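In order, the protein sequences belong to chains A and B. Residue numbering for the first sequence is 34 to 151, as defined by the working numbering. Residue numbering for the second sequence is 34 to 151, as defined by the working numbering. Backbone N, C-alpha and C fix where the C-beta goes; we use that ideal spot for every residue, glycine too. Note that the coordinates shown come from a computational prediction; the quantities given were computed from them, not determined experimentally.
Protein chains: 2
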Amino acid sequence: MPRLSVSEAAKECGLTATALRYYEQAGLVPPVARDRAGRRVFGEHDLAWIRYAVCLRSLGMGVADIARYVRVAQRADGLDEQMVLLVEHVERMEKQRATLDHFIAVTRAKLAANYVET
Amino acid sequence: MPRLSVSEAAKECGLTATALRYYEQAGLVPPVARDRAGRRVFGEHDLAWIRYAVCLRSLGMGVADIARYVRVAQRADGLDEQMVLLVEHVERMEKQRATLDHFIAVTRAKLAANYVET
DNA sequence: ACTTGACTTCGAGCGCGCTCGAAGTCGTAG
DNA sequence: CTACGACTTCGAGCGCGCTCGAAGTCAAGT
């Protein structure tokens with residue numbers, strides 16, 4: 034199990050160290066363990082959370098929403114609520130994907146025709 | 034052919050009038066015709082451009098990139114460049130869609146298991 | 001003629017998601 | 001022992017995408 038510093042973990046997940054600190058402070062990932070000097074020490078568990086947050090961000094979920102999800106997921110009795118949030122999120126994503134599919138088709142058609150209607 | 038005011042056109046495309054003026058000023062849509070009093074008059078053509086811009090925005094394309102595309106599309110000799118931009122955009126979208134597919138699958142699995150791993 | 005109301009431009013302001021600079025603390029290398 | 005570099009917190013700053021308020025113009029209704 035790796036014990037990474039903030040900048041190592043950041044690089045590992047494609048973030049800057051500053052952004053990663055921000056993520057923790059904003060609640061996008063649960064609090065990270067510290068060594069005796071107060072420095073963050075990241076384990077596999079933390080990396081998984083970070084990657085999850087990065088994924089949600091890349092799909093356009095807002096910081097506040099992700100933080101809410103993480104907060105709920107941390108609670109022992111939060112399972113039901115957590116499920117609701119996930120279902121809602123999947124629904125949003127599928128709507129987004131439908132738009133995407135449509136747009137890809139339209140763009141493909143334009144390209145195929147080598148003609149772009151204004 | 035409809036001759037809509039800015040607020041009518043905005044409503045039609047799911048924007049605010051303010052946002053729509055901003056879109057024109059920022060070049061997300063080509064300049065709109067005016068009546069003698071200087072008020073914008075939107076036709077079908079303009080609505081199509083607006084809907085196109087809205088679509089691109091909803092897919093996360095930045096204002097500057099959309100403006101660039103519109104600028105190129107306006108030029109008589111811009112076809113090649115326009116094609117390049119569209120191809121690039123389709124590629125980005127397909128990458129995004131792959132992420133989306135993956136994430137939907139993962140979330141579905143979590144839901145199916147009625148268990149969320151941290 | 002006058003009010004009403006939707007339009008115009010302009011510049012400032014705002015929320016989000018970081019990003020950066022300052023000032024301080026710690027541990028290892030020389 | 002000292003110096004260096006990476007870490008810490010904090011608050012301010014920034015770019016983006018609007019959003020709002022002010023001040024003015026115009027056209028239609030009474």
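Own chain, CB closer than 7 Å to residue i, minus 5 neighbours either side, in chain order
i	result
Pro63 of chain A	Trp82, Val103, Gln107
Asp60 of chain B	Sequence check: residue 60 of chain B is Gly here, not Asp. Cβ within range, chain order: Ala100, Val103, Arg104.
Val96 of chain A	Ala59, Leu61
Leu89 of chain A	Ile99
Glu114 of chain A	Val105
Arg54 of chain A	Val39
Thr151 of chain B	Low local confidence applies: a pLDDT of 49 at Thr151 of chain B is under 50, so the model's placement there is unreliable, with the coordinate-based value given in what follows. The answer is none, since no qualifying residue turns up.
Cβ of residue i within 8 Å of any chain A Cβ
i	result
Gly154 of chain B	Nothing can be reported for residue 154 of chain B: it is not among the residues displayed for chain B, which extend from 34 to 151.
Leu92 of chain B	yes
Met126 of chain B	yes
Leu144 of chain B	yes
Met129 of chain B	For clarity, residue 129 of chain B is Gln in the given sequence; the question names Met instead. Output row for Gln129 of chain B: interface = yes.
CB of residue i within 8 Å of CB of residue j, strictly
i	j	result
Leu112 of chain B	Thr132 of chain A	no
Thr49 of chain B	Ala43 of chain B	yes
Anticipated Cβ contact below 8 Å, residue i with residue j, distance rounded
i	j	result
Met34 of chain A	Leu144 of chain B	Not a contact, Cβ separation roughly 28 Å.
Ala66 of chain A	Val74 of chain A	5 Å
Ile137 of chain A	Glu127 of chain B	7 Å
Leu80 of chain A	Glu45 of chain A	6 Å
Leu119 of chain A	Thr51 of chain B	Wrong, their Cβ atoms sit about 35 Å apart, outside the cutoff.
Arg84 of chain B	Arg130 of chain A	Incorrect: roughly 19 Å between the Cβ atoms, too far for contact.
Leu122 of chain B	Met94 of chain B	For the sequence presented, residue 122 of chain B should be read as His rather than Leu. With a Cβ gap of about 7 Å, His122 of chain B and Met94 of chain B count as contacting.
Cutoff 8 Å: residue i Cβ touching any chain B Cβ
i	result
Ile99 of chain A	no
Phe136 of chain A	yes
Val87 of chain A	no
Arg141 of chain A	yes
Thr132 of chain A	yes
Leu119 of chain A	yes
Met116 of chain A	yes
Val123 of chain A	yes
Val149 of chain A	With a pLDDT of only 49 at Val149 of chain A, under 50, the local geometry of the prediction cannot be trusted, and the value read off the model is given with reservation. Output row for Val149 of chain A: interface = yes.
First through last residue of the alpha helix (DSSP H) which encompasses residue i
i	result
Thr140 of chain A	112-146
Asp79 of chain B	77-91
Asp98 of chain B	96-107
Ser40 of chain A	39-46
Ala50 of chain B	50-59
Cut-off 8 Å between Cβ atoms - residues of its own chain near residue i, not counting five sequence neighbours on either side
i	result
Val149 of chain A	Confidence in Val149 of chain A is poor, its pLDDT being 49 and thus under 50, which makes the residue's placement too unreliable to answer from.
Glu77 of chain B	Met34, Pro35
Beta-carbon proximity list for residue i, same chain, < 6 Å, skipping 5 on both sides
i	result
Leu37 of chain A	Phe75
Arg69 of chain A	none
Gly71 of chain A	none
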